[in-house]
Amino acid sequence: MANPTLRKISERAGVSPSTVSKVLSGSREISQYTAEKVLAIAQELGYLAARSEKRRGLCREAIVIGVICPELVSAYYARIVQMLGEVIEEAGGIMTVAVSLFDSEREQRQVQYCVQQQCVDGLIIVGHTETDCRHYQYLQIPTVYLGTPKNCTYCDVIKLGFQDAIDHAIVHLKRLGHRSIGFIGERHTVNKKAYFEKAMQEHGLNLAPESVVVSPYRFEAAGCYGMELLLEGKKGITAVVCAYDNIALGAMTALKAHGLEVPRDISLIGMDDIAESMPIPVALTSIRTYTQELCSVMVEILMKKIHNKSFTATQSITVRCELVVRESTAPPQKGGESV
């Protein structure tokens, strides 16, 4: 096959060579639809692969892994990015990071830029629930997606086992004697909310809509807000599952302000297990994510595909999470007041 050119791509796409050039240079003047069409044709004709090989020929001293992450302000995401950097360096690569701010369109533009410029050898997308992977069907480079994306058949998917771990959390609370259990989350934790509701139903526990709070705030503020609503509702709740540890810490603060104690008056469970190293009065029962194992799996998949271009199969892997029981959960008081 003759070497692919901008003109050949433009003829196939029905656009001008200048439009193709703008798409390949990352210009935002071109619509998403046209850009994806041009990229798909460029991939089909081998243009992107040829440009990638040219770039690698000019710069072979390191493998570059791009990481696209929703944010870096939370301890959870910061820990993942830090560990990825360490694992990538150990594997002989270097890491470059972009922040999507939980914006699917921004994430797509960042991925598109990496593909157009061929500036990375592999991609790790730390995603969120709104991402539709059909936008990534033009990907020419090995890509791993961390999360639960929709329609994802174009890249490897790594999921965290929160569903099973949340189920274990509900079983733990039920065995302690809790029957009225609440949930506090925020707008970026809808999957955990769904897992909680599913576990409650499967274990025969009633769940009033008012017992589930989706806070407009984040971090500790979300926990304070959510616990205040649960206290106002007086639903007889004796335990609360929080979407992550910072929310649980905020819930503790709200309970203390009302003269209530954990776990005497209410049991709390967090997630991500970041509070272990924090100076808090009651050790928090939490769902632990094994960050090093998670990052090692993602980098191993990428490196295998980077070094062996004939390996193109995609896979979906779930990395376990574990409920770590500490001091913040206990049997509900018999005859005592519940929240």
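Our numbering puts the first residue of the sequence shown at 552, with every later residue one more than the last. Don't be surprised by glycine CBs; every beta carbon is placed ideally from N, CA and C. Note that the coordinates shown come from a computational prediction; the quantities given were computed from them, not determined experimentally.
In terms of residues, what are the limits of the beta strand (DSSP E) holding residue i?
| i | result |
| --- | --- |
| PHE676 | A small correction: the amino acid at residue 676 is Ile; Phe does not occupy that position in the sequence shown. Note, ILE676: beta strand (DSSP E), 673-677. |
| LYS710 | 707-711 |
| LEU756 | No beta strand (DSSP E) holds LEU756; DSSP gives it neither H nor E. |
| VAL618 | 614-620 |
For residue i, name the three-state secondary structure that DSSP assigns.
| i | result |
| --- | --- |
| SER576 | coil |
| THR699 | coil |
| GLY733 | strand |
| VAL571 | helix |
| ILE649 | The displayed chain sequence assigns Ala, not Ile, to residue 649. ALA649: strand per DSSP, three-state reduction. |
| VAL813 | coil |
| GLU878 | coil |
| ALA808 | helix |
Once the 5 residues before and after residue i are set aside, which same chain residues still bring their CB inside 6 angstroms of it?
| i | result |
| --- | --- |
| GLY733 | SER762, LEU781, ILE788, VAL791 |
| MET854 | ALA642 |
| ALA745 | none |
| SER766 | GLU737, ALA773, TYR776, GLY777 |
| HIS719 | LEU874 |
| LYS856 | PRO693, PHE862 |
| PRO830 | none |
By Cβ distance below 7 angstroms, which residues in the same chain neighbour residue i in space, the five residues on each side in sequence not counted?
| i | result |
| --- | --- |
| VAL876 | HIS723, THR836 |
| ILE581 | THR570, LYS573, VAL574 |
| HIS679 | PRO621, PHE653, GLY698, HIS739 |
So the alpha helix (DSSP H) residue i belongs to, where does it begin and stop?
| i | result |
| --- | --- |
| THR836 | Element bounds for THR836: not the alpha helix (DSSP H) but the beta strand (DSSP E), 836-840. |
| CYS775 | 770-784 |
Give me the Cβ distance between residue i and residue j, rounded to the nearest whole Å; I'm assuming they're in contact under 8 angstroms.
| i | j | result |
| --- | --- | --- |
| ALA799 | ALA826 | 7 angstroms |
| ASP796 | ASP824 | 7 angstroms |
| ILE735 | VAL764 | 5 angstroms |
| PHE713 | CYS872 | 6 angstroms |
| LYS725 | LEU756 | 7 angstroms |
Please confirm whether any heavy atom of the ligand FMN lies closer than 7 angstroms to the CB of residue i.
| i | result |
| --- | --- |
| LEU756 | For the ligand FMN, the structure offers nothing, since it holds no ligand at all. |
* Does the stretch 703-718 come close enough to the stretch 860-869 that 3 or more CB-CB pairs lie under 8 angstroms? -> With a cut-off of 8 angstroms, the stretch 703-718 and the stretch 860-869 count as touching, because enough Cβ pairs lie within range.
* Asked: Is it a yes or a no for the stretch 553-570 touching the stretch 587-596, going by three-plus beta-carbon pairs under 8 angstroms?
  -> Yes, the stretch 553-570 is in contact with the stretch 587-596.
* Below 8 angstroms, can you find three or more Cβ-Cβ pairs linking the stretch 615-622 to the stretch 634-648? -> Judged by Cβ distances under 8 angstroms, the stretch 615-622 makes contact with the stretch 634-648, as three or more pairs qualify.
* Asked: Counting Cβ pairs, one atom from each stretch, are 3 or more of them under 8 angstroms apart for the stretch 631-642 and the stretch 654-661?
  -> No, because fewer than three Cβ pairs between the stretch 631-642 and the stretch 654-661 fall closer than 8 angstroms, the two stretches do not touch.
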